[in-house]
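Worksheet for the structure shown next.
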């Protein structure tokens, strides 16, 4: 089987660009015993992938030059030489930016076909971004009914789920996004205060939305957002540090929050987390999230580009505000 | 009874100076029913008092101009009109920078006279600084035997106790201080790596002391120390944010740690705390600390100035490195 892959051609400096990626056609061999051949249907691009483009030690190894970029994808089994899989099975993998591949069966996870839920939801609300939102908000943020939750990047794949789970938990929700249209969508799913952070005076807008301050901050953005969150935090507030996309393409170290000292006087907890360390929550997450979706309590948006060759553009869109909800590539 | 008090004359801008304080002689009236008259023996100056000199909302109200500064003191009852106290009783109070006062009995705490323990220890290892060290290290830092604990301001009243409790708990301890003499003292009480942070290249020195990284950071200093701690932190490290004395006299907002983004990838927990929220730990603290002192496992230094008129100088010494261990004023 012919397959097409996106390889990392060079490491981006600053904002990634087309020339950092290259499209390569390869032969995916027939599966050997214990292997499965998969045709991908959907692949995911996610902000954390930017970190793997740097050549540095981290919680996941860096992407290698000249190799296909890794990440979540959903596909269908074409041929199987393993008892656990049969042609037509829906599978999730981490083999990434390619439209097909042959791989050991143990690297695949079989997915159910759920009534009324499109398969690509396993890359979004029912996948890693959904579990990230669920874990960070509930395990780190520990919101209580009546509290105020602030989430940055509220219209993204993770932030939009955070905002809706916070509503389900009885919280007042303040969310930021990068356009008025995104803010309208946030209001349509129940967010109490949606703020277009590009309108200026973020601190003033958050203060107006949460005059009593915030109890939980779910951070996808970092930078000014983090400083504002520290400024408006109430005593004992919990910060779930999921990501800081505002700094992912920085070429120089950027100053941290100038008010970091308030961490002491306000007894703040600022805690980073990596969703892969919380796999034990997944069964409960799937149960909860399936129920919320079935009851219309969690909705989502997708931004879809077509074809493997569009994957670099899809990835770039994450940093330029080109997506509402989950950014996907349809293969 | 005549008493002398130090009043806040003006709010310091930047480093506090003599003219911010004034010595006032007052009449402490004879105790009314329910009141007690106290002659202070020792008073404490502590870094957190700098924060109370700003006129701003915080976890404790600001000091008021024209009034005596508050803080811990140890005294002896001179006269009592309350059944709970008798002349000669040793008491602790928060009435602060004065050599005597008359106050409601309920604002006083009676102290035991312990064999071999000087009374002023209740302002240090057995008092608020000791409980601060105990709480922050054990409750927030949660060190495990074999882990590496990094403490800044290691020769101060809090840091020196942190360092020694960490040794008792089986940790490797890296501590910073501002002179070679302080570092020598730290080594004499068992600190594995004492670093004079004024020698330059703090990051290099901490890396050399803890090549595998640190698991717990107890922060008294903030600023560059915090940035270094983030840089060398191992995954899942816990930061007990007790204070950031490097910034207490700043007149402009200072940049936060440039590597704050590492909080995410390293799954760090950076948590501020205020010891007054952990009063429930005090009985266990007194039991543990008394035992450690009796067995010679916790030692301490004092830096003592004489007379109430020396209180402003004593306070200023906290910011210029003039103290090793607990800074005290003997009255």
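Residue numbers (this note's numbering), protein chains in the order written: chain R, 867 to 1197; chain B, 867 to 1197.
In this text, a Cβ means the ideal position worked out from N, Cα and C, and glycines have one as well.
DSSP beta-bridge partners of residue 1199/B: Any answer about residue 1199/B is impossible in this case: the structure gives chain B only from 867 up to 1197.
If you drop the 5 nearest sequence neighbours on each side, which residues of the same chain put their C-beta closer than 6 Å to that of residue 910/B? For the purposes of this step, residue 910/B is taken as residue 44 along the second chain, with counting starting at 1. Within the same chain, residue 910/B has close Cβ partners 937, 938, 989.
C-alpha distance - residue 901/R paired with residue 875/R, whole-angstrom precision: Translated into positions along the first chain, residue 901/R becomes position 35. Translated into positions along the first chain, residue 875/R becomes position 9. Each residue's Cα considered, the two are about 28 Å apart.
Which of the residues in the segment 1119-1143 of chain B, read from start to end, lie with their CB under 9 Å from any CB of chain R? 1119, 1120, 1121, 1122, 1123, 1124, 1125, 1126, 1127, 1128, 1129, 1130, 1131, 1132, 1133, 1134, 1135, 1136, 1137, 1138, 1139, 1140, 1143
In chain order, what residues of the same chain have a beta carbon less than 7 Å from the beta carbon of residue 952/R, not counting five sequence neighbours either side? One-based indexing of the first chain puts residue 952/R at position 86. Result list for residue 952/R: 943, 946, in chain order.
Express the C-alpha separation of residue 1109/B and residue 1087/B in angstroms, rounding to a whole number. If you number the second chain from 1, residue 1087/B lands on position 221. If you number the second chain from 1, residue 1109/B lands on position 243. So the two alpha carbons sit approximately 6 Å from each other.
At a Cβ threshold of 7 Å, is residue 1113/B touching chain R? As a first step, residue 1113/B is located in the second chain; it is residue number 247 there, counting from the start. True, the Cβ-Cβ gap to chain R drops below 7 Å.
Span of the alpha helix (DSSP H) holding residue 973/R? Numbered from its first residue, the first chain carries residue 973/R at position 107. Element bounds for residue 973/R: n/a, residue is neither H nor E.
Measuring straight from C-alpha to C-alpha, what distance separates residue 1136/B and residue 934/R? Here the question's residue 1136/B lines up with position 270 in the second chain. Here the question's residue 934/R lines up with position 68 in the first chain. If you take the alpha carbons of residue 1136/B and residue 934/R, they lie about 36 Å apart.
Would DSSP call residue 871/R helix, strand or coil? Translated into the one-based positions of the first chain, residue 871/R becomes position 5. Residue 871/R: strand per DSSP, three-state reduction.
Rounded C-beta distance between residue 1031/B and residue 1000/B? I'm assuming under 8 Å. The residue labelled residue 1031/B in the question sits at position 165 within the second chain. The residue labelled residue 1000/B in the question sits at position 134 within the second chain. Their Cβ separation, rounded to whole angstroms, is 6 Å, which keeps residue 1031/B and residue 1000/B in contact under 8 Å.
Got a sec, what are the start and stop residues for the beta strand (DSSP E) residue 939/R sits in? By one-based count along the first chain, residue 939/R stands at place 73. Here the beta strand (DSSP E) through residue 939/R covers 939-946.
Once you ignore the five residues that flank residue 921/R on each side, which residues in its own chain have a CB closer than 7 Å to its CB? Working through the first chain from its first residue, we reach residue 921/R at position 55. Excluding positions up to five away in sequence, the list reads 877, 928.
Under 7 Å from the C-beta of residue 1101/B: neighbouring residues of chain R: If you number the second chain from 1, residue 1101/B lands on position 235. Chain R residues near residue 1101/B: 925.
Alpha helix (DSSP H) segment containing residue 914/R, residue limits: Numbered from its first residue, the first chain carries residue 914/R at position 48. No alpha helix (DSSP H) holds residue 914/R; DSSP gives it neither H nor E.
Considering residue 961/R, what are the terminal residues of the alpha helix (DSSP H) in which it resides? Here residue 961/R corresponds to residue number 95 of the first chain, with the count starting at 1. Per DSSP, residue 961/R belongs to no alpha helix (DSSP H) and is neither H nor E.
Limits of the beta strand (DSSP E) - the one that residue 1078/R falls within: Taking the first residue of the first chain as 1, we reach residue 1078/R at position 212. Neither: residue 1078/R is in no beta strand (DSSP E) and is coded neither H nor E.
So, does the CB of residue 1110/B fall closer than 7 Å to a CB anywhere in chain R? Along the second chain, read from residue 1 onward, the residue named residue 1110/B stands at position 244. So yes, residue 1110/B belongs to the interface.
Suppose the cutoff is 8 Å on Cβ atoms and the five residues either side in sequence are ignored; what does the same chain contact list for residue 1047/B look like? Position 181 of the second chain, counted from the start, is the residue given in the question as residue 1047/B. The answer, listed in chain order, is 1190.
Within its chain, find whatever has a CB closer than 6 Å to the CB of residue 1058/B; leave out the 5 residues flanking it on each side and keep chain order. Translated into positions along the second chain, residue 1058/B becomes position 192. 1038, 1039.
In or out: residue 998/R buried (at least 16 other Cβ within 10 Å) or exposed? Locating residue 998/R in the first chain gives position 132, where the first residue counts as 1. So residue 998/R counts as buried.
Contact belief for residue 1168/R with residue 1194/R at Cβ below 8 Å, rounded distance in angstroms: Within the first chain, the letter at position 302 stands for residue 1168/R. Within the first chain, the letter at position 328 stands for residue 1194/R. Confirmed, about 6 Å.
Got a sec: is the Cβ-Cβ distance from residue 1107/R to anything in chain B below 7 Å? The residue given as residue 1107/R occupies position 241 in the first chain. Chain B, which has a Cβ nearer than 7 Å to the Cβ of residue 1107/R, makes this yes.
Starting from residue 1088/R, find everything on chain B with Cβ-Cβ shorter than 8 Å and list it in chain order. The residue labelled residue 1088/R in the question sits at position 222 within the first chain. Residues of chain B passing the Cβ test: 1126, 1127.
Rank 968/B, 1024/B, 1151/B by C-alpha distance to the C-alpha of residue 1166/B and give the top, closest one. As a first step, residue 1166/B must be located in the second chain, where it is residue number 300. Looking at the Cα atoms, 1024/B is the closest of the given residues.
Please list, in chain order, the residues of the segment 895-921 of chain R that have any C-beta partner in chain B closer than 7 Å. 917
If I'm right that residue 890/R touches residue 994/R with Cβ under 8 Å, what's the distance once you round it to whole angstroms? As a working note, residue 890/R is residue 24 in the first chain. As a working note, residue 994/R is residue 128 in the first chain. Contact flag wrong, Cβ pair sits at about 25 Å.
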